[in-house]
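Trainee: Shown below is the structure under consideration.
Chains as they are written, first to last, in the UniProt record's numbering: chain A, 1 to 265; chain V, 1 to 353.
Laid out in structure tokens, this is it:
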């Protein structure tokens with residue numbers, strides 16, 4: 001039996017679109033994609049199951065990318081919210097500012113008070129990150145959809161950064177190499193997973209985690225799952241390929257596997 | 001005819017200082033004994049009303065110290081729930097002068113003790129700040145780890161402070177009979193277990209509070225010999241009293257005692273000053289009513305009035321926004337009332353029936 005699935009997301013939708021295009025009959029899913037750029041998806045409302053833009057920008061984006069000015073969510077069996085800034089790097093920024101018991105680097109620290117980062121409890125770190133994730137567009141949209149609809153709502157975050165990002169200023173900014181060298185990567189990754197799950201629990205949705213086989217060193221994505229990745233099509237139909245943030249069709253296929261599995265339950 | 005009242009300034013007379021003055025600004029009500037500028041490093045502590053002072057000083061562009069800043073991405077409501085950035089240390093509410101004194105003594109000389117770790121249902125809390133970890137910690141050892149860290153970071157913070165602002169909130173406290181140490185809230189309310197043989201009710205007298213204020217000042221000078229002390233009294237009434245008196249009567253006694261002790265202390269101390277936030281909110285001449293319908297929470301308009309008088313007197317009002325900015329989207333529905341403050345003693349309200 002085919003499940004009707006609506007996927008609302010940003011540029012991270014493309015990996016799923018391309019996976020589906022490559023093997024259209026592989027998954028028992030009838031997918032509709034509703035892409036938005038930036039935070040335009042916040043400018044929407046759901047009235048009687050109809051998703052409508054509330055700003056000119058969101059309206060223009062929806063018209064351009066779907067050809068319509070509203071989406072009837074009542075016809076779907078499940079809804080997934082994809083990307084929209086939900087990413088592991090937010091756990092990295094917590095780690096840059098704070099350390100918590102359970103981090104190997106903290107266990108080795110002799111003079112805790114001299115550390116620049118603040119020592120906080122693991123629960124405080126998780127609550128802070130969960131609260132922050134809930135403030136992002138992804139959970140904003142997911143929470144509103146969940147409140148308005150009876151069907152299950154899933155959240156799919158963005159993948160961890162490309163392994164090569166470690167040597168890029170972006171990766172250095174997030175302290176990726178340092179976290180790995182200090183032995184903290186596994187705990188930071190776990191913080192992200194548990195905080196995401198807590199955010200989902202607070203908003204009545206479910207999170208689908210990044211597939212294990214795509215992760216290296218706990219906080220990075222294995223390059224084969226990003227090679228040839230494409231972002232959302234621009235205004236003139238162009239796509240950008242190969243960056244440190246976006247997954248490819250192989251990754252998209254694994255996420256569709258997960259989606260097919262959870263909606264079948 | 002000559003007498004001392006001839007030539008006294010307008011603020012010495014009720015008619016010119018109160019009845020016929022601008023009662024929004026109350027000129028002359030607060031004359032700073034020492035300067036607070038944008039370059040002054042300020043530390044705050046006290047009852048929940050003290051949170052306003054730190055918050056508005058930050059808005060005015062002052063350097064308000066924070067010994068344990070939370071991660072920058074932590075939303076403000078979460079940070080507050082975990083006791084971050086409410087005061088200059090993550091000590092939670094410090095309601096009594098005795099509690100402030102013992103905290104400073106512990107920061108200067110002490111270390112955390114296992115006897116003051118409270119265990120309930122497998123979760124562990126610091127008896128002297130039981131609400132800063134709302135779900136408690138995993139073990140007594142972790143509580144000790146966090147407390148020792150807290151003490152050391154507070155010590156380093158105090159060494160940087162030019163001015164310490166302390167808001168006196170209560171005279172009532174519960175004391176550990178064996179050690180004499182007082183808790184911010186009665187054991188059993190927010191953790192721990194009340195034991196009538198171990199936990200003794202105290203209602204501190206004027207003399208005791210005065211002695212504690214002197215001790216506080218002496219302790220502060222150990223961290224920075226030049227540190228100034230600004231004392232205020234919270235206008236917030238008691239949530240509950242254990243004196244056996246009516247809570248209204250107990251509130252009057254408590255606030256009058258705190259006010260008198262603060263006044264005597266400041267009158268006799270160098271480098272100490274009093275700011276009349278209590279008078280501005282509670283005195284009928286100040287207008288109002290300045291309390292919310294629960295007659296306890298101070299209205300935001302009253303806080304603005306108090307802080308405007310304070311900032312104006314220090315030349316810090318220009319450029320300060322009228323109220324704290326709300327930077328995160330999720331705060332847009334927040335109310336501005338006193339109930340947004342973190343007040344541990346509100347927990348007692350649950351037992352009002």
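Positions of the beta carbon are idealized from the N, C-alpha and C atoms, including for glycine.
In terms of residue numbering, what span does the beta strand (DSSP E) encompassing residue 124 of chain V cover?
Mentor: 123 to 126
Trainee: Leaving out five residues before and five after residue 63 of chain V in sequence, what residues of the same chain have Cβ atoms less than 6 Å from its Cβ?
Mentor: 41
Trainee: Provide the residue span of the alpha helix (DSSP H) that contains residue 253 of chain V, from first to last.
Mentor: 247 to 268
Trainee: Using only the alpha-carbon positions, how far apart do residue 265 of chain A and residue 27 of chain A sit?
Mentor: The alpha-carbon of residue 265 of chain A is positioned some 14 Å away from that of residue 27 of chain A.
Trainee: Three or more beta-carbon pairs under 8 Å between the segment 157 to 169 of chain V and the segment 137 to 146 of chain V, yes or no?
Mentor: no
Trainee: So if I threshold CB-CB distances at 8 Å, which residues from the segment 240 to 267 of chain V count as touching chain A?
Mentor: none
Trainee: Using a C-beta to C-beta distance shorter than 7 Å, which residues of chain V count as neighbours of residue 97 of chain A?
Mentor: 71 and 72
Trainee: Tell me, please, which residues DSSP counts as bridged to residue 35 of chain A.
Mentor: Partner(s): A:9.
Trainee: Taking a Cβ distance cut-off of 7 Å, strictly less, list which residues of the segment 271 to 293 of chain V are near chain A, in chain order.
Mentor: none
Trainee: Tell me, which residues are paired with residue 151 of chain V by DSSP?
Mentor: Partner(s): none; residue 151 of chain V has no beta bridge.
Trainee: According to DSSP, is residue 329 of chain V part of a helix, a strand, or is it coil?
Mentor: With a pLDDT of only 33 at residue 329 of chain V, under the threshold of 50, the placement of this residue in the model should not be trusted; the figure read from the coordinates follows. Helix.
Trainee: Does residue 129 of chain A have its Cβ less than 9 Å from a Cβ in chain V?
Mentor: yes
Trainee: Using a Cβ cut-off of 9 Å, pull out every chain V residue sitting near residue 90 of chain A, in sequence order please.
Mentor: Chain V residues near residue 90 of chain A: 73.
Trainee: If we count Cβ pairs, one from each stretch, closer than 8 Å, do we get three or more for the segment 247 to 260 of chain V versus the segment 178 to 194 of chain V?
Mentor: Segments in contact, no.
Trainee: Answer with yes or no whether the minimum CB distance from residue 114 of chain V to chain A is below 9 Å.
Mentor: Using a Cβ-Cβ cut-off of 9 Å, residue 114 of chain V does not count as an interface residue toward chain A, since no Cβ of chain A sits closer than that to its own.
Trainee: What residues match up with residue 119 of chain A in a beta bridge as DSSP calls it?
Mentor: A:99
Trainee: Does DSSP put residue 114 of chain A in a helix, a strand or coil?
Mentor: helix
Trainee: Note down, one range per segment and in chain order, each alpha helix (DSSP H) of at least 4 residues found wholly within the segment 120 to 182 of chain A.
Mentor: 122 to 134, 137 to 148, 169 to 173 and 176 to 181
Trainee: Please identify the residue among A:152, A:128 and A:222 whose C-alpha is closest to the C-alpha of residue 250 of chain A.
Mentor: Ranking A:152, A:128 and A:222 by Cα distance to residue 250 of chain A puts A:222 first.
Trainee: Pop quiz: residue 209 of chain A and residue 193 of chain A are said to be a contact at Cβ under 8 Å. What is the actual Cβ separation, rounded to whole angstroms?
Mentor: In this structure residue 209 of chain A is in contact with residue 193 of chain A, their Cβ atoms being roughly 6 Å apart against a cut-off of 8 Å.
Trainee: Please go through the same chain and pick out, in chain order, the residues whose beta-carbon is closer than 7 Å to the beta-carbon of residue 260 of chain V, but skip the five residues on each side of it.
Mentor: 206
Trainee: Compute the Euclidean distance between the alpha carbons of residue 2 of chain V and residue 9 of chain V, then round it to the nearest angstrom.
Mentor: 16 Å
Trainee: In the structure shown, what three-state DSSP assignment does residue 314 of chain V receive?
Mentor: coil
Trainee: Are the segment 88 to 95 of chain V and the segment 126 to 136 of chain V touching, with three or more C-beta to C-beta distances below 8 Å?
Mentor: yes
Trainee: So, at 8 Å on beta carbons, what are the nonlocal neighbours of residue 141 of chain A in its own chain, with the 5 sequence-adjacent residues on each side left out?
Mentor: 8, 41, 42, 44, 81 and 84
Trainee: What does residue 119 of chain V touch in chain A if you count any residue whose Cβ is under 8 Å from its own?
Mentor: For residue 119 of chain V, none of the residues of chain A pass the 8 Å Cβ criterion, the least Cβ distance being about 16 Å.
Trainee: So residue 77 of chain V is in the alpha helix (DSSP H); what residue range does that whole segment cover?
Mentor: 76 to 81
Trainee: Taking only beta-carbon atoms, is residue 153 of chain V less than 9 Å away from chain A?
Mentor: yes
Trainee: If we count the other Cβ atoms within 10 Å of its Cβ and call it buried at 16 or more, is residue 245 of chain A buried or exposed?
Mentor: buried
Trainee: Who pairs with residue 201 of chain V in a beta bridge, going by DSSP?
Mentor: The partner list for residue 201 of chain V (beta bridge, DSSP) reads V:174.
Trainee: Find the nearest neighbour of residue 144 of chain V within the set V:300, V:119, V:168 and V:296, judged by alpha-carbon distance.
Mentor: Nearest option by C-alpha distance: V:119.
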